[in-house]
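Report on the structure given below.
2 protein chains.
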Amino acid sequence: MKTIAYLGPPGTFSHEAAVTWRRRLEPEREKEVEELLACPELPGVVDAVKNHRAMAGILPVENSIEGAVNLTLDLLLEEMELQIIGEVILPINHCLLSQADDINAVREVWSHPQALAQCRRYLAAVLPWAKIKAVTSTAEAAGEALKRPDLAAIASSFAASLYRLPILAQDIQDYSGNKTRFWVVGREAPSLTGPYKTSLVVAAPANRPGTLYTILKDFAEAGINLTRIESRPTKKELGEYLFFIDCEGRCDEAPLNEVLAGLKSRTVLLRILGTYALG
Amino acid sequence: MKTIAYLGPPGTFSHEAAVTWRRRLEPEREKEVEELLACPELPGVVDAVKNHRAMAGILPVENSIEGAVNLTLDLLLEEMELQIIGEVILPINHCLLSQADDINAVREVWSHPQALAQCRRYLAAVLPWAKIKAVTSTAEAAGEALKRPDLAAIASSFAASLYRLPILAQDIQDYSGNKTRFWVVGREAPSLTGPYKTSLVVAAPANRPGTLYTILKDFAEAGINLTRIESRPTKKELGEYLFFIDCEGRCDEAPLNEVLAGLKSRTVLLRILGTYALG
């Protein structure tokens, strides 16, 4: 049972991340998509892994323009049985997919609200007459473009090849360098070679970012590089936060294991979310 | 011209925050609402202040359950002319508003998706038969409940008194202690007494949270308490972040002014968003 669960429908960036992850594990089985499971919502991806319907699940964690995906952070905090077993970083290149003969024949553009926002200047310059409609995913928009030749979807080239839709224009996003990072969650980490990264959540006793300094000090003095820090509310009191930290190294090897042992004695909450190979 | 702009329609929590702010400035003029300006979107609130149609604007910045309001952080970063001149902290107590004779006569419950999510357990226990519908604001739902007695809105007691809607049940949120913090933005800070807080944005040269430690060190060594730290992407490259920091003290007084002077020479970006009286 090697199913990978992702946020569907088929053709989403999460789907592409699932395919990318499987290719890393098993390069020779590139084309079999029947073992990928599309879930309608993120909690469903987590449930599929928990209930053993999938060996791994794909969760978007941050985008270089939009920032953190808070639901993913909140979900992982609640699920003690799961761990992060890998990461996938995807470039987000938006394309205009349509069966229209050319751009002038496009009357409507559909996509996910974030994709529409990321292509706003392009749409205003090239398709000022088009009716813009927000739908729940880029893949849903692609599915609709299959039915109506006057409609274009903003979606990935991955969606174009999956839905066999012509690409009228590519790289139409206003900001270059747009990337999304996904966590792969599961019950057991695959044996991939390093370098490694560790993700953890920590709450300081006084629950003030002032004490964050003493936590970061331990990492700095051990020479461990932090690659990301993200605060989330404890959901108990305004002004109380948890910190999601990504750092270099394995949680079971020095110097990180020593830093973590020291932190454990001084913090209210310390949870290792996983140690995994860099994406 | 003393207009205060807020995210409407009338009856939202932002509206209540605007009323709360005016009451702090001018306690005797409590009931005059004609100088409050409802804007349909957050960028409109910022524009109203920039274009001198309002002297102040109300922007939600964080909620104790949902976390940061990213759009507010991103908007403030772009608007160099505005500063934070105050803060308002509101308890968020959701109520069930309806003209129905009792709860059993309610067929539909409408509200903002976050309010619905925050009352999910209550709705499942008390109104399992009701059709749930998400709309763009709690106030829009209250307006609809005025028209249809089989419909209940989840909104504030403030909205109840504004729309003259009966309160069928109050404090129905699943988590207690739910609060939202708002920033008041304007061109000039009013003369309120302290204690004071300062909000700033900083980007470290290496653009790695590892260097965040050296920034926090300056604050810690000067004995300045940080009350909040929030990261946002630079929108240029995955893994590059800006940090929104709230700390105690005034930016023009020691020890904070000395820390800021030191930081200025070592950081790529340092912007003071404002010094204001605690809410």
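These protein sequences, in sequence, are chains A and B. Take the position in the first sequence, starting the count at 1, then add 606; the result is the number in the working numbering. Take the position in the second sequence, starting the count at 1, then add 606; the result is the number in the working numbering. C-beta atoms are modelled at their ideal positions from N, C-alpha and C, and glycine is treated no differently.
Helix, strand or coil at A/A828 according to DSSP, with G and I counted as helix
For the purposes of this step, residue 828 of chain A is identified with residue 222 of the first sequence, where counting begins at 1. Note: A/A828 maps to coil in three-state DSSP.
Below 9 angstroms between beta carbons is the criterion; list the residues of the segment 652 to 678 of chain A that meet it against any residue of chain B, in chain order.
E668, N669, S670, I671, E672, G673, A674 and N676
Listing by chain order, which chain B residues have their CB less than 9 angstroms from the CB of A/Y781?
One-based indexing of the first sequence puts residue 781 of chain A at position 175. Chain B residues near A/Y781: K841 and K842.
Own chain, CB closer than 7 angstroms to B/T660, minus 5 neighbours either side, in chain order:
Counting from one through the second sequence, the residue named residue 660 of chain B turns up at place 54. Per the sequence presented here, residue 660 of chain B reads as Ala, with Thr not at that position. Result list for B/A660: T609, I610, A611, L643 and A654, in chain order.
What's the C-alpha gap between B/W755 and B/V732?
Sequence index remark: in the second sequence, residue 755 of chain B carries index 149 (1-based). Sequence index remark: in the second sequence, residue 732 of chain B carries index 126 (1-based). In the sequence on display, residue 755 of chain B carries Pro and not Trp. Going from the Cα of B/P755 to the Cα of B/V732 covers about 18 angstroms.
Pair within 8 angstroms by beta-carbon distance, B/S670 and A/L844
The residue you call residue 670 of chain B lines up with position 64 of the second sequence. The residue you call residue 844 of chain A lines up with position 238 of the first sequence. Yes, Cβ-Cβ distance for B/S670 and A/L844 is below 8 angstroms.
Please identify the residue among A/V791, A/K842 and A/L884 whose C-alpha is closest to the C-alpha of A/E685.
For this step, residue 685 of chain A is matched to residue 79 along the first sequence. The candidate whose alpha carbon is nearest that of A/E685 is A/V791.
Closest by CA to B/W716, which one among B/E746, B/A826 and B/G663?
As a first step, residue 716 of chain B must be located in the second sequence, where it is residue number 110. For B/W716, the nearest C-alpha among the options comes from B/E746.
Quick one: which residues of the segment 680 to 707 of chain B get their C-beta closer than 7 angstroms to a C-beta of chain A? List them in chain order.
Residues I695.
For B/R838 and B/A860, the rounded distance between their alpha carbons:
Within the second sequence, the letter at position 254 stands for residue 860 of chain B. Within the second sequence, the letter at position 232 stands for residue 838 of chain B. Taking the Cα positions, B/A860 is about 28 angstroms away from B/R838.
Minimum Cβ-Cβ distance from A/A826 to chain B less than 8 angstroms:
For this step, residue 826 of chain A is matched to residue 220 along the first sequence. Yes, because at least one Cβ of chain B sits closer than 8 angstroms to the Cβ of A/A826.
Whole-angstrom distance between A/T618 and A/T742, CA atom to CA atom:
If you number the first sequence from 1, residue 742 of chain A lands on position 136. If you number the first sequence from 1, residue 618 of chain A lands on position 12. Rounded to the nearest angstrom, the two C-alpha atoms are 11 angstroms apart.
Drop a sphere of 10 angstroms on the beta-carbon of A/V639, count the other beta-carbons inside from all chains shown, and report buried for 16 or more, exposed for fewer.
As a first step, residue 639 of chain A is located in the first sequence; it is residue number 33 there, counting from the start. In this predicted model, A/V639 has a pLDDT of only 44, less than 50, meaning its place in the structure is not dependable; the value taken from the coordinates is given anyway. Counting Cβ neighbours within 10 Å, A/V639 comes out exposed, since fewer than 16 surround it.
Using beta carbons (cut-off 8 angstroms, strictly below), is B/L822 in contact with chain A?
By 1-based counting over the second sequence, the position of residue 822 of chain B is 216. Closer than 8 angstroms: yes.
If you reduce the DSSP assignment to three classes, tell me which class A/G614 lands in.
Locating residue 614 of chain A in the first sequence gives position 8, where the first residue counts as 1. Three-state DSSP puts A/G614 in coil, outside helix and strand.
Along chain B, in chain order, which residues have C-beta atoms closer than 9 angstroms to that of A/K737?
The residue labelled residue 737 of chain A in the question sits at position 131 within the first sequence. Contact of A/K737 with chain B by beta-carbon distance below 9 angstroms is absent, the smallest such distance being about 20 angstroms.
Short CB-CB distance (under 8 angstroms) between A/G868 and chain B
In the first sequence, counting from the first residue as 1, residue 868 of chain A sits at position 262. No - not a single Cβ of chain B is within 8 angstroms of the one on A/G868.
Host beta strand (DSSP E) of A/T626 (start-end)
By 1-based counting over the first sequence, the position of residue 626 of chain A is 20. Unbroken run through A/T626 is the alpha helix (DSSP H), F619 to L631; no beta strand (DSSP E).
Return the residues of the segment 771 to 805 of chain A that lie within a Cβ-Cβ distance of less than 7 angstroms from chain B, sorted by chain order.
Of all residues in the segment 771 to 805 of chain A, Y781, G783, K785 and R787 have a Cβ within less than 7 angstroms of some Cβ in chain B.
Could you check whether the Cβ of A/G845 sits closer than 8 angstroms to any Cβ belonging to chain B?
Here the question's residue 845 of chain A lines up with position 239 in the first sequence. Yes - at least one Cβ of chain B is within 8 angstroms of the one on A/G845.
Three-state secondary structure (DSSP) of B/Q689
Residue 689 of chain B sits at position 83 when you count from the first residue of the second sequence. Strand, per DSSP.
Which residue wins for smallest C-alpha separation from A/A766, given the options A/N699, A/L679, A/N784 and A/E864?
As a working note, residue 766 of chain A is residue 160 in the first sequence. Distances from the alpha-carbon of A/A766 to those of A/N699, A/L679, A/N784 and A/E864 put A/N699 closest.
Less than 8 angstroms between CB atoms is the rule here; does B/P615 satisfy it with respect to chain E?
Of the protein chains in this structure, namely A and B, none is chain E.
Whose CA, out of A/E647, A/N710, A/S797 and A/L631, lies closest to the CA of A/S620?
Position 14 of the first sequence, counted from the first residue, corresponds to residue 620 of chain A. The residue with the shortest Cα to Cα distance from A/S620 is A/E647.
CB-CB length for A/L722 against A/I738, believed under 8 angstroms:
As a working note, residue 722 of chain A is residue 116 in the first sequence. As a working note, residue 738 of chain A is residue 132 in the first sequence. Rounded, the Cβ-Cβ distance is 6 angstroms, consistent with contact.
Beta carbon of A/A761, beta carbon of A/A748: below 8 angstroms?
In the first sequence, residue 761 of chain A corresponds to position 155, counting from 1. In the first sequence, residue 748 of chain A corresponds to position 142, counting from 1. Contact flag set, yes.
Local conformation of A/K739 per DSSP, three classes
Taking the first residue of the first sequence as position 1, residue 739 of chain A is located at position 133. A/K739 falls in the strand class under three-state DSSP.
Counting pairs of Cβ atoms below 8 angstroms between the segment 848 to 855 of chain A and the segment 865 to 872 of chain B, do you hit three or more?
no
By alpha-carbon positions, which one of B/S704, B/Q724 and B/S797 ends up nearest to B/A751?
By 1-based counting over the second sequence, the position of residue 751 of chain B is 145. For B/A751, the nearest C-alpha among the options comes from B/S704.
Is DSSP giving A/R877 helix, strand or coil here?
As a first step, residue 877 of chain A is located in the first sequence; it is residue number 271 there, counting from the start. If DSSP states are grouped into helix, strand and coil, A/R877 belongs with the strands.
Compare the beta carbon distance of B/C725 and B/D780 with 8 angstroms and say whether it is the shorter of the two.
Looking up residue 725 of chain B in the second sequence gives position 119. Looking up residue 780 of chain B in the second sequence gives position 174. Going by C-beta atoms, B/C725 is nearer than 8 angstroms to B/D780.
Near B/G650, what residues of its chain come up, given a Cβ to Cβ distance below 6 angstroms and the 5 sequence neighbours on each side ignored?
Within the second sequence, the letter at position 44 stands for residue 650 of chain B. By the criterion of a C-beta distance shorter than 6 angstroms, B/G650 is surrounded by no residue of its chain, once the five residues flanking it on both sides are discounted.
CA-to-CA distance, A/G783 to A/T820, given in whole angstroms:
Taking the first residue of the first sequence as 1, we reach residue 820 of chain A at position 214. Taking the first residue of the first sequence as 1, we reach residue 783 of chain A at position 177. Distance between the alpha carbons of A/T820 and A/G783 is about 34 angstroms.
Inside the segment 698 to 766 of chain A only - alpha helix (DSSP H) runs reaching at least 4 residues:
For the segment 698 to 766 of chain A, whole alpha helix (DSSP H) runs of length 4 or above, ordered along the chain, are 719 to 724, 726 to 732 and 744 to 753.
Tell me whether A/T820 sits in a helix, a strand or coil according to DSSP, three-state version.
Counted from its first residue, the first sequence places residue 820 of chain A at position 214. Helix, per DSSP.
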